[in-house]
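I have placed the structure first, in the form of structure tokens, so that the comments after it can refer back to it.
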Amino acid sequence: MPVFVRRSVRCSVLAACGLLTAFSTFAAAPAAAIGNAVVVLNSRDATITLLDQATYKEINTFPVGKEPHHLMPTPDNKSLIVAAATGNSLLFLDPKSGQLQSQVKDIVDPYQIGFSPNQKWFIANGLRLDRIDIYGYDGKDLKLAKRLPLPSMPSHMAFTADSALAFITLQGSDELAAVDLATQKVKWTMPIGKQPAGVYMTPDNKYLLVGVMGSDYVAVVDWRTQKIVKKIKTGDGAHNFRPQGDNRHVFVSNRVAGSINVLDLNTLESTGSIAVPGGPDCMEITADGKTMWVTQRWLKRVSVIDLDTRKVIKTIPVGRSPHGIYFNNRASEL
Numbered sequence: 275m276p277v278f279v280r281r282s283v284r285c286s287v288l289a290a291c292g293l294l295t296a297f298s299t300f301a302a303a304p305a306a307a308i309g310n311a312v313v314v315l316n317s318r319d320a321t322i323t324l325l326d327q328a329t330y331k332e333i334n335t336f337p338v339g340k341e342p343h344h345l346m347p348t349p350d351n352k353s354l355i356v357a358a359a360t361g362n363s364l365l366f367l368d369p370k371s372g373q374l375q376s377q378v379k380d381i382v383d384p385y386q387i388g389f390s391p392n393q394k395w396f397i398a399n400g401l402r403l404d405r406i407d408i409y410g411y412d413g414k415d416l417k418l419a420k421r422l423p424l425p426s427m428p429s430h431m432a433f434t435a436d437s438a439l440a441f442i443t444l445q446g447s448d449e450l451a452a453v454d455l456a457t458q459k460v461k462w463t464m465p466i467g468k469q470p471a472g473v474y475m476t477p478d479n480k481y482l483l484v485g486v487m488g489s490d491y492v493a494v495v496d497w498r499t500q501k502i503v504k505k506i507k508t509g510d511g512a513h514n515f516r517p518q519g520d521n522r523h524v525f526v527s528n529r530v531a532g533s534i535n536v537l538d539l540n541t542l543e544s545t546g547s548i549a550v551p552g553g554p555d556c557m558e559i560t561a562d563g564k565t566m567w568v569t570q571r572w573l574k575r576v577s578v579i580d581l582d583t584r585k586v587i588k589t590i591p592v593g594r595s596p597h598g599i600y601f602n603n604r605a606s607e608l
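Going by the numbering used here, the first residue of the sequence shown is number 275, and it counts up by one from there.
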């Protein structure tokens with residue numbers, strides 16, 4: 275994806291959007307000794323920790339913009355984008371080594387970020403500013419299409435398979451919003467439950483699953499009729515999702531309960547839970563589907579889980595309030 279890989283294109287894109295006031299290429303962080311570093315965002319420390327996936331040892335920790343919360347690879351997988359929310363910047367890392375490639379400043383409040391499935395749209399949720407920024411992408415350039423106000427605290431996002439709609443959870447107003455990407459207008463909002471957070475579209479494009487963080491369930495939403503058709507009991511603080519990669523199971527972390535539930539997408543039922551204390555949050559799964567790595571926001575550590583036994587097999591200290599986590603040899607997000 276050229277816009278995030280070539281410096282000249284990136285500069286022209288952001289200048290056209292009126293956002294570029296500074297672009298800087300950092301001195302590269304020490305490269306990982308392996309090809310699959312685990313990237314952990316320490317949101318309260320404003321740092322990134324790199325871990326060796328094989329030995330569980332720390333490779334490096336380096337400073338970044340304030341409150342790095344979420345991250346995602348570019349569609350061509352040549353860069354890993356880290357969104358530093360109150361640092362008002364995007365950082366670009368090598369997705370295999372975690373080595374810092376570059377930084378773009380003055381991207382305001384990028385709490386959560388995402389590409390539409392057709393890669394024509396890029397969205398940055400501004401949680402503290404109550405808005406989302408929608409960018410169009412034509413295969414060459416990004417262009418700011420709309421800065422769209424939303425009721426309160428836009429958090430996580432998901433898309434329809436045809437990229438027509440983006441769904442945004444609104445933590446402050448306890449709602450789910452649907453945004454028409456062609457018109458850049460809110461199509462509808464609906465009440466969803468107290469403090470909705472993670473949102474996931476089922477692989478059949480039929481339902482949205484929403485983690486209701488202020489309660490203990492996942493809301494199953496028929497987004498076409500705008501109705502909650504089921505509530506799946508999980509644990510207190512149902513927060514974020516990670517598919518197992520088998521097109522059948524998805525995990526949901528329960529921050530308050532200190533657990534992770536396994537949901538069957540065919541039955542829309544929980545098939546059990548995994549004990550993970552200390553505010554489990556973001557999850558990443560190895561390509562072979564055998565292990566999960568999960569950040570523990572309140573314990574300054576990451577846990578590694580054997581998915582066959584559903585037991586924690588290793589805990590690793592990191593920085594304060596670890597949030598996003600990523601490694602390149604990862605399972606599919608279906």
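We treat Cβ as the ideally placed atom computed from N, Cα and C, and that holds for glycine. Predicted model only: the values in this text are computed from it and were never measured.
A residue is called buried once 16 or more other Cβ atoms fall within 10 Å of its Cβ, and PRO517 is buried on that count.
For THR541 and LEU450, the gap between their C-alpha atoms comes out near 23 Å. Per DSSP, TRP567 is one residue of the beta strand (DSSP E) stretching across 565 to 570. By the neighbour-count definition (other C-beta atoms within 10 Å, threshold 16), GLU558 is a buried residue.
The C-alpha of LYS574 lies about 5 Å from the C-alpha of ARG594. Closest in alpha carbon position to PHE336, among SER353, HIS343, GLN373, PRO384, is GLN373. A direct Cα-to-Cα measurement between LEU401 and GLU543 gives close to 30 Å.
Rounded to whole angstroms, ASN316 and GLY339 show a C-alpha spacing of 11 Å.
Beta-bridge partners assigned by DSSP to PHE389: PHE396.
In terms of Cβ geometry, ASN351 and GLN327 do not form a close pair [threshold 8 Å].
The residue among PRO391, THR434, ASP383 with its C-alpha nearest the C-alpha of MET427 is ASP383. For TYR474, the enclosing beta strand (DSSP E) covers residues 470 to 475. Shown here for ALA432: same chain residues with a beta carbon closer than 7 Å to its own, the five before and five after excluded, namely PHE441, VAL473, TYR474, MET475, LEU482 in chain order. A direct Cα-Cα distance of roughly 26 Å separates VAL530 from GLY519. Counting other Cβ atoms within 10 Å of its Cβ, PRO591 stays below 16 and is therefore classed as exposed. Contact between the segment 457 to 469 and the segment 494 to 513 is present, with at least three C-beta pairs closer than 8 Å. Along the length of the segment 522 to 548, whole beta strand (DSSP E) runs at least 3 residues long occupy 523 to 528, 533 to 538, reported in chain order. For the set LYS588, ARG571, ASP562, the Cα lying nearest the Cα of ASN603 is the one of ASP562. Nearest to GLY511 by alpha-carbon distance, out of LEU537, GLN469, SER547, is GLN469. Closest in alpha carbon position to SER390, among ILE333, LEU439, GLY488, GLU332, is LEU439.
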